[in-house]
Each structure stands twice: as C-alpha cells, then as structure tokens.
Amino acid sequence: MISSIRNGTPREQGARVSHVPVSVPQEEAAKISIRNLTKTFLTRDRIFTAVDDISLEIQAGTFFMIVGPSGCGKTTLLRIVAGLEKHTSGSVEVVHSHPGCPGNSMVFQGDSIFPWMTVWDNAAYGLKMRNVPKRQIRETVGHYLDRTGLTKFANAYPHQLSGGMKQRVSIARAFANDPEVLLMDEPFSALDEQNKTLLQEELLRIWDETKKTVLFITHSVDEAVTLGDKIMVMTAHPGRTKAIVDVPFARPRSVLELRATPQYGELVYKIWGYLREEVQHAKADAEGNA
Ligand SMILES: Nc1ncnc2c1ncn2[C@@H]1O[C@H](COP(=O)(O)OP(=O)(O)O)[C@@H](O)[C@H]1O
Ligand SMILES: [Mg+2]
C-alpha cells in the first residue's frame, strides 16, 4: 500500500492521505517519494516559505540524513512526511509493505515519552494500542529494552532517568513499534558529547538488525556522516536541496574507529563545503531579524 499525501494546488487545502495498491515491484519502488514539496506559512504580515520545491526518493532500507542550518525547514519537512503538518503543494508518498504496522514512529529531541508510564509501558505503548498478543509484546519489548541497556530500568519512571536514558526509551519504543519508516528529529542534540556517541553506537547496532528506512534530521555534519547512507544538505531559508551525497563507509560501523579514518575527515570536510555558506546565511538572517 502507498500512503499518499498530496496537495495539487498552491494554496493549502489540507493533507489528503489515501491508500492505493502498489503497481511496481517493492524492491524497485522508493519507500519515501517526495515530489516538488513546498510549504508556506501564512504569518501576520507575510507568506513565509519554509520548504521550497524539494524532491527526494528514499529507497527502502536507507539510513537517510538531512543536514541543514537552524531554521532551514528540517522539522517542517519531517512533520509533513509524518502527516503531522499539511504541505502547500507537491506530494509525499510512503509505501506500506506490512499491513497492520504503523506508517511511522518518531523520535524527537526533547522528552517524547509519557511521564506517567514506566519504561516498559512506554516501550510497549504502540504494540498495546494495536492489540498485539501479550506474548509478542513481552518478546519484542524485552528485546529492545535489552538492546538499549534498559532491562534493569523496566519498572522505572521517566523522572528517575537521565536525558540519555529517556532517549533510549524513545528509541526502544520506536523500534518495538515496527513502523514502515522511522523519523528522527535531532534525537541526540540535547545530550552531552559522550552520551551522544554512546547512543549513536547503540542506534547503529539496533539499525543493523532491522535495516529500517530511517529519515534522520540533524544539524551536525559529524552525526550525518557517522550514521547515514546518504546525506541531503539543505540551504538556509527557504529550505531547498543543496546537495545529496553518498556515504561510502561499510557497515557495521564503529563510531570511534570510523572517525579515526582519513576518509571520514574528508567527507566531513566536503559536506562542510556545502554547508558553510548556508550557515552564514542563516546567521545573517537571524541577526537581521533580531
Ligand atoms: N507554524 C509555523 N508558523 C510560522 N512559521 C513557522 C511555523 N513552523 C515553523 N516555522 C518557520 O519555518 C522555518 C523552518 O522551521 P523548522 O522546520 O522548525 O526549521 P529547522 O527544524 O530546520 O530548525 C523557521 O523559520 C520557522 O520559524
Ligand atoms: Mg528542527
């Protein structure tokens, strides 16, 4: 099935989500197809273009990174793919290959777990909502709590956990939910450097088991090169595609070993070459508006 969110007219009409049969073999179809996507916000005194004519094909099983300066439209783009935000024109399609599985699971930067639920109940939430058999919930949640180092904290509440642990709960919940695509919006950006590295390692390990299609947003070039198969660099406002770059590094990856290679440094340098000017534009914009 394809979940399709299209708007054909330049004015916002509300996202239309429809399901149509897949007419091409699954392995040839992109998992996420974004075509000429534009999003404008109507503010008090002007029309503000946040995302401008972005087209993108993301194949199934790709760890796809989007990197861009603050305010360039990354979150807006992700929210449109998640169906949380209406777009103004263009289309977004996500192929559904597993009936009964959710279209997507999101992991955000801040607290996105329920404070009144234990770690276990948070991780099990999506499965319980879908009435998955209890035994399967026990196995799946047990597995992902183990993979994220949370087994001992299964009965703890979020206020008893550090920021890194809470993000682990979010990750366990997202993978346990077994979505068609995983959408991650700067999930590690509030963490200190050491915790961030540990969580990146853990995410890579878990992802290697599942090879889910991931759309991961970051403002960190290091993070993009460490995790991704492909990186889209966005321009500063309005958010357009500046470049799409392949990441050639073999998997499984060890974050620290990868970062010690000259090839890693060269790719970071190359991406910064695209990004530097955009960051300067974003800074000048912010200062102009201050
Ligand atoms: N609901 C909204 N109304 C008006 N402007 C918005 C709204 N949401 C986001 N924006 C603006 O759109 C631009 C892109 O925002 P966002 O997607 O959050 O950027 P990023 O995630 O790349 O930092 C920003 O300038 C932001 O202020
Ligand atoms: Mg954002």
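Residue numbering for the sequence shown follows numbering that gives the first Met the number 0, starting at 0 and increasing by one per position. The beta carbon of each residue, even a glycine, is placed where N, CA and C say it ideally should be.
Any heavy atom of ligand 1 within less than 5 angstroms of residue CB: hits in chain order: F40, A49, S69, G70, C71, G72, K73, T74 and T75
Where E286 sits in the DSSP three-state scheme: helix
Any non-hydrogen atom of ligand 2 closer than 7 angstroms to D184 Cβ: yes
Under the three-state DSSP convention, the category S169 falls into: helix
P178 versus V93, P157 and R167, residue with shortest Cα-Cα distance: V93
Alpha-carbon to alpha-carbon, A175 and Y143: 6 angstroms
Assigned secondary structure, L197 (DSSP; H/G/I helix, E/B strand, else coil): helix
Q290, enclosing alpha helix (DSSP H) - first and last residue: This structure cannot settle anything about residue 290, because the visible part of the chain is limited to 0 through 289.
L149 versus F40, A171 and Q262, residue with shortest Cα-Cα distance: A171
Contacts around T196, its chain only, beta-carbon distance under 7 angstroms, and the 5 residues preceding and following it disregarded: V254
Completely contained beta strand (DSSP E) runs for the region 184–260, where each covers 3 or more residues: 212–217, 229–233 and 240–245
Beta-bridge partners of T48, as assigned by DSSP: T39
N- and C-terminal bounds of the alpha helix (DSSP H) containing M128: V118 to M128
Secondary structure of A29, DSSP reduced to three states: strand
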